[in-house]
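Participant: Mind having a look at this structure? Questions to follow.
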Amino acid sequence: MKKDFAQQLNELKEQARQLSDRLDVEGKKSRVKELEFEFSDSDFWKTAKEGGKEKADIKIKEIGELNDLIKKFEEIEKELSGVNSKILLEEIMAKIRRLEMETLFYGKYDKGAAILSIYAGAGGEDAEDWAKMLFNMYVKFCEKRGWQINVVDENVLEVKGSYAYGYLKKESGVHRLVRISPFSAEKKRHTSFALVEVLPEFKEPEGKESFKIPEDDLRVEFSRSSGPGGQNVNKVETAVRIVHLPTNLSAASQSERSQSQNREKAMDLLKAKLLKLMEENEIREINNLKVKVKPEWGSQIRSYVLNPYKLVKDHRNEVETSQVENVLAGDLDLFVEGDIIK
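The following block contains the structure:
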């Protein structure tokens, strides 16, 4: 028996009430008032000038985050009070779902932007084509979420939006495709692999004036851009690739119009990779980072089967669907959220 509109609305209001309790919205409103009162005291700003800037910055950041959460919840409450159609009801349901998801993000970089890179595995044209299919899938997924995207290089996507890294970080790993190869004259079934790497946007580590890499540790390569860039494309060597020699990690950019801009973008991406590696290995100084790194081609995290049957299955949490075309068209919520909730 299908639920009528009034029943769905009442259930959604109860869901919102429970979310309010779980988020302690009223407690957060009280905390905002406390901070605002503290900010109104001239001694607070005097202390900040005299060396308490770091503490002041933390409190300013806290009030911003609290106000952002309160605003999101109040918007949901306002919309619930005036909802009059099933379409609007579904939109509010999606907002509540998104706010519930955001309560699960505790990581250092979860709220920020993400850098997503895709590498083709062994398999020639099929693997290259699979990497492009994955790239397009993530572009569509990000567009559906309203995130800002920038193609940094042929296989690198910069994603800016609320909790972009939190949502995307668990997409890192090997993705497997099984299909009839469009490149095979015999129409044989072929298995292809691609590696997805997701990094947080690079920001200078706190407590350090800069994250400097010795010039001798870098090899910088220039080439003609094959992407957008106006009159400079294929005329001037604006594309830049930087290799960190001690680790063999590399990063490239060709999205900007000038060589200097692409060099800066590639350097930020390389620093993000190095910073993640340092944190994973508990290394404090970049000069101590000397281990050669290769892409991790471990067991696949997800399979996409187009033949002899249709199925997308996440091997980490057993989430699956037969709607392969929809998934490849960017309908990834089932999988992205499934692994976060797990």
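Under the working numbering, the first residue of the sequence shown is numbered 102, with each subsequent residue one higher. Even for Gly, the Cβ is constructed at its ideal location relative to N, Cα and C.
To test your reading of the DSSP string, which unbroken alpha helix (DSSP H) runs of 4 or more residues are found completely within the stretch 126–170?
Facilitator: Within the stretch 126–170, the complete alpha helix (DSSP H) runs of at least 4 residues are 126–140, 143–148.
Participant: With C-beta atoms as the reference, is residue 373 less than 7 Å away from residue 216?
Facilitator: It is a contact, given that the beta carbons lie within the stated cut-off.
Participant: Pull up the CB-CB distance for residue 370 and residue 297, whole angstroms please, since I reckon it's below 8 Å.
Facilitator: That belief does not hold up - the Cβ atoms of residue 370 and residue 297 are roughly 15 Å apart, past 8 Å.
Participant: Enumerate, from N- to C-terminal direction, the unbroken beta strand (DSSP E) stretches of 3 or more residues contained entirely within the stretch 240–287.
Facilitator: Correct list: 249–254, 257–261, 274–281.
Participant: Measuring only the C-alpha atoms, how far is residue 358 from residue 299?
Facilitator: Residue 358 and residue 299: Cα-Cα distance of roughly 25 Å.
Participant: Pull up the DSSP beta-bridge partners for residue 324, would you.
Facilitator: The partner list for residue 324 (beta bridge, DSSP) reads 340.
Participant: Identify whether residue 120 lies in helix, strand or coil by the three-state DSSP scheme.
Facilitator: Here residue 120 sits in helix by DSSP.
Participant: First and last residue of the beta strand (DSSP E) that includes residue 297?
Facilitator: Residues 290–301.
Participant: Using a threshold of 7 Å, state whether the C-beta atoms of residue 278 and residue 231 are closer than that.
Facilitator: Yes. Within cutoff.
Participant: State yes or no: is the C-beta of residue 428 within less than 7 Å of the C-beta of residue 413?
Facilitator: Against a cut-off of 7 Å, the Cβ pair of residue 413 and residue 428 comes out as a contact.
Participant: Would you say residue 326 and residue 340 are within 7 Å of each other, going by their C-beta atoms?
Facilitator: It is a contact, given that the beta carbons lie within the stated cut-off.
Participant: Kindly confirm or deny that the stretch 191–207 and the stretch 113–125 touch, where touching means at least three C-beta pairs closer than 8 Å.
Facilitator: They touch, by the three-pair rule.
Participant: Assuming contact is defined by CB atoms lying nearer than 7 Å, are residue 241 and residue 431 in contact in what I supplied?
Facilitator: For residue 241 and residue 431, yes; Cβs fall inside 7 Å.
Participant: Do you know how far the Cα of residue 435 is from the Cα of residue 258?
Facilitator: One C-alpha to the other measures close to 22 Å.
Participant: Taking only three categories from DSSP, how would you classify residue 314?
Facilitator: Coil.
Participant: What did DSSP end up calling residue 333 once you bin it into helix, strand or coil?
Facilitator: Bear in mind that a pLDDT of 46 at residue 333, under 50, signals an unreliable position, so the number given afterwards is only what the model happens to contain. Helix, per DSSP.
Participant: Would you give the residue range spanned by the beta strand (DSSP E) that residue 362 belongs to?
Facilitator: No beta strand (DSSP E) holds residue 362; the alpha helix (DSSP H) holding it covers 360–381.
Participant: Starting from residue 215, follow the beta strand (DSSP E) in both directions and report where the run begins and ends.
Facilitator: That run of the beta strand (DSSP E) goes 215–221.
Participant: With a threshold of 16 other CB atoms inside 10 Å of the CB of residue 207, please say whether the residue is buried or exposed.
Facilitator: With fewer than 16 Cβ atoms within 10 Å of its Cβ, residue 207 is classed as exposed.
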